[in-house]
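The opening residue of the sequence shown carries number 7 in this note's numbering; numbering runs sequentially from there.
Even glycine gets a Cβ: it sits at the ideal position worked out from N, Cα and C.
The next block holds one structure in the form of structure tokens; read it before the comments.
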Amino acid sequence: MTNLTGSRQRFLSFLLVISLIVVSVNGAPALGQRRSSQQAAANNRPRLVLLIAVDQFRYDYLERFGDLFGPNGLRRLMNDGASWVNANYDHMPTYTAPGHATLMSGAYPAETGIVANEWPDRETGKKVTSVSDSTTRLLAGGPNEEGSSPRRMMASTLGDELRLATNDRAKVVGISLKDRSAILPAGRHANAAYWFSARSGNFVSSDYYFAHLPKWVEDFNASHPANEYFGKLWERLLPSAEYEKRAGPDSPPWENIGNVRGDTNAFPHKITGGASAAGPDFYSALEYSPFSNDLLVSFTKQAIVNEQLGQDEFTDLLAISFSADDYVGHRYGPYSQEVMDVTLRVDQQIAALLDFVDSRVGLRNTIVILSADHGVAPIPEHATAIGLSGGRVNSTQAVAKVKAALTARYNPSGKTPDPTADYILKYDDAGRMRDGMINANLYFNLAALNRDGVNLEEIQRVSAAALMTVPGIARCFTRDQLLRGAVSSTDAIERRVLHGFYPQRSGDVIVVTDAFKYFIESEITATHGSPYTYDTHVPQIIMGGRLKGGKYFQAAAPTDIAPTVAAVLGIQPPSNSVGRVLIEAIQ
Ligand SMILES: [Zn+2]
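Structure representation (structure tokens):
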């Protein structure tokens with residue numbers, strides 16, 4: 007019986023192969039193309055996994071602007087892909103590095119160790135970034151620019167697992183304007199990550215990956231393509247009435263960028279950075295314009311060709327992250343005409359990328375993933391203006407309250423010098439010493455607390471109680487509480503804080519502000535980082551593989567992406583992935 011079934015299957019497979027060969031010959035494609043498409047069909051394996059992350063892209067942008075998208079970009083993904091309309095990050099530090107680390111690892115910051123974009127390193131007392139690595143050398147960067155690597159990433163990624171599963175024959179490449187957004191989704195065992203240096207105007211990498219940049223990258227940089235955008239005017243794609251209707255007037259009072267580097271709040275924006283020629287000021291200004299995404303697409307096309315991505319039966323992975331959307335969102339806020347325009351433009355840029363992948367690899371051989379690393383809150387002053395109680399929480403005032411409480415508790419007799427003066431960690435931020443209140447995490451100087459025999463659990467409680475008296479602070483969590491897991495899994499905020507806590511890198515008291523309120527200074531117009539939906543709710547679309555297109559209303563999270571794609575590819579899920587396989591879309 008078994009044998010009979012087996013031989014029948016073999017016969018059916020034989021028929022299938024024969025019919026495929028007939029179809030190929032009739033279609034008369036080029037020889038190499040025919041051979042590789044036969045292989046792909048025989049293996050039924052996607053040749054490429056393409057992650058498209060759009061930095062700070064909220065889910066609702068798909069709905070607010072969807073009718074204005076062209077057919078080949080975001081609308082193609084929305085129509086043909088499986089789209090989860092209620093996907094939320096289930097962790098609280100909703101920043102760029104944690105989000106990008108989660109996207110391809112399926113793990114929370116508590117597992118990846120990527121708790122923020124930057125934090126004070128407990129061992130050295132210096133601020134580090136999620137990817138800074140003084141043991142590496144930057145390739146093609148500016149003077150004294152430090153190298154970067156994925157060495158702080160504590161979990162494997164989908165790309166790492168693809169490489170393991172194929173004895174390294176799969177290729178894995180990450181590309182973005184930002185180092186963290188290129189490096190973290192690709193993973194520790196990636197072939198390469200490339201990002202943009204605003205000091206040199208080049209696409210750069212580090213000797214973590216190779217001793218020298220590949221020749222095609224050097225050639226790309228040699229023509230200085232970034233310089234072509236110097237002085238370019240950023241105008242609206244559509245008539246201004248369309249923007250008035252959907253985003254309100256240009257340059258409302260809460261948009262307050264002042265006269266940043268020779269620019270204003272209003273269209274058109276002239277991209278010079280206040281400089282008379284291309285240089286670091288201009289390159290920074292370029293990042294704050296949609297043109298930097300065009301530059302990214304040009305570079306990515308070169309990467310697809312020269313790294314030969316998706317050209318054989320070993321599934322490759324390309325992770326690209328569009329950064330301009332985040333820069334523009336921070337400067338003008340989510341309800342601005344500028345964000346509307348950068349969204350319409352990223353739709354075109356994604357269309358160009360998908361068309362290119364279709365011509366080189368074939369979209370039917372590709373799994374395309376669209377998501378974002380986090381969303382963004384309305385500008386606090388905008389929220390306030392419409393009655394949503396926005397606000398900026400003053401971090402200096404918060405630290406002062408903690409200091410006063412520590413003096414009252416641990417120096418009641420008013421001894422001088424006050425022994426509590428160094429209880430809050432001071433960290434070195436590029437030569438400037440700062441109080442350890444960063445990313446809504448309060449850090450203690452553990453050496454000073456040990457010296458004075460201070461009970462750690464108690465000082466956490468005393469500080470948390472002081473912080474709770476600061477206007478705009480909703481809740482505080484102590485290190486001991488999180489280490490004990492003493493939070494409710496049914497309370498989304500408590501759960502998200504726990505998922506964002508990595509003991510070696512997180513602070514000693516973690517603060518959650520009220521909705522629409524932020525620890526931000528006035529020079530940043532809008533920001534993100536909270537456990538609230540405007541920061542957690544992101545697009546989650548998977549097109550291709552065995553996924554059935556359509557809208558899915560089940561609760562989902564970006565941690566589900568990596569285990570789902572791993573299951574479709576039949577490979578080991580990333581080491582720390584906690585998400586579920588999105589079975590409702592698997593056919
Ligand atoms: Zn971001």
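Answer yes or no: the CB of residue i versus the heavy atoms of ligand 1, is any distance below 7 Å?
i: G491; result: no
Tell me the DSSP bridge mates of residue i?
i: Y198; result: The sequence shown places Ala at residue 198, not Tyr. Answer is V179.
i: W240; result: H275
i: V569; result: Correcting the residue type first, residue 569 is Pro in the shown sequence and not Val. Note: P569 sits in no beta bridge, so no partner.
i: V557; result: What sits at residue 557 in the sequence shown is Lys, not Val. Looking at the DSSP assignment, K557 forms a beta bridge with S89.
i: E463; result: DSSP lists no partner for E463.
i: H543; result: N94
i: D441; result: K432
i: T484; result: V515
i: G397; result: K523
i: A122; result: According to DSSP, A122 bridges with nothing at all.
i: N417; result: N417 is not bridged to any residue.
i: I375; result: L57, I548
i: V447; result: Strictly speaking, residue 447 in this sequence is Asn, with Val absent from that position. Note: N447 sits in a beta bridge opposite I444, I516.
i: T135; result: E124
i: E152; result: R143
i: A562; result: A93
i: D322; result: L54
i: F288; result: Per DSSP, none; premise fails for F288.
i: F328; result: V60
i: I592; result: L553
i: I479; result: T519
i: V210; result: W201
With a cut-off of 8 Å on the beta carbons, I'd call residue i and residue j a contact; round off their distance for me.
i: S295; j: I277; result: 5 Å
i: A116; j: H505; result: 5 Å
i: L360; j: G79; result: 7 Å
i: L431; j: F450; result: 6 Å
i: D322; j: L54; result: 5 Å
i: D379; j: D61; result: 6 Å
i: L315; j: V179; result: 7 Å
i: P384; j: P340; result: 6 Å
i: P386; j: G396; result: 4 Å
i: I326; j: R366; result: About 14 Å separates the two Cβ atoms, so there is no contact after all.
i: L292; j: A232; result: 6 Å
i: P537; j: I567; result: Wrong, their Cβ atoms sit about 20 Å apart, outside the cutoff.
i: I533; j: V374; result: The sequence shown places Thr at residue 533, rather than the Ile named in the question. Incorrect: roughly 29 Å between the Cβ atoms, too far for contact.
i: S512; j: V121; result: 5 Å
i: V460; j: F483; result: Incorrect: roughly 19 Å between the Cβ atoms, too far for contact.
i: D96; j: A563; result: 5 Å
i: T108; j: T118; result: 7 Å
i: F75; j: D353; result: 5 Å
i: I465; j: P126; result: The Cβ separation is near 17 Å, so there is no contact.
How about residue i: is its Cβ closer than 7 Å to a heavy atom in ligand 2?
i: W201; result: Looking at this structure, you won't find ligand 2 anywhere; what it does contain is ligand 1.
Kindly indicate if chain D contains any beta-carbon less than 8 Å away from that of residue i.
i: L145; result: Absence of chain D from the displayed structure is noted, only one protein chain being present.
Sufficient close CB pairs (3 or more, under 8 Å) joining the region 539-554 to the region 125-136: no
Within 6 Å of ligand 1: residues by beta-carbon to any heavy atom: D61, Q62, T102, D332, D379, H380
Touching by the beta-carbon criterion (3+ pairs, under 8 Å), the region 575-585 and the region 152-167: yes
Given 8 Å, three or more beta-carbon pairs between the region 476-494 and the region 545-554: no
Segment contact flag, the region 145-154 with the region 198-217, C-beta cutoff 8 Å, min 3 pairs: yes
Given 8 Å, three or more beta-carbon pairs between the region 232-251 and the region 166-176: no
Contact the region 326-333 vs the region 342-358: 3+ CB pairs below 8 Å: yes
Given 8 Å, three or more beta-carbon pairs between the region 400-414 and the region 80-96: no
At least three beta-carbon pairs within less than 8 Å, the region 233-242 to the region 280-292: yes
Validate contact between the region 510-527 and the region 484-500 using beta carbons, cut 8 Å, 3 pairs: yes
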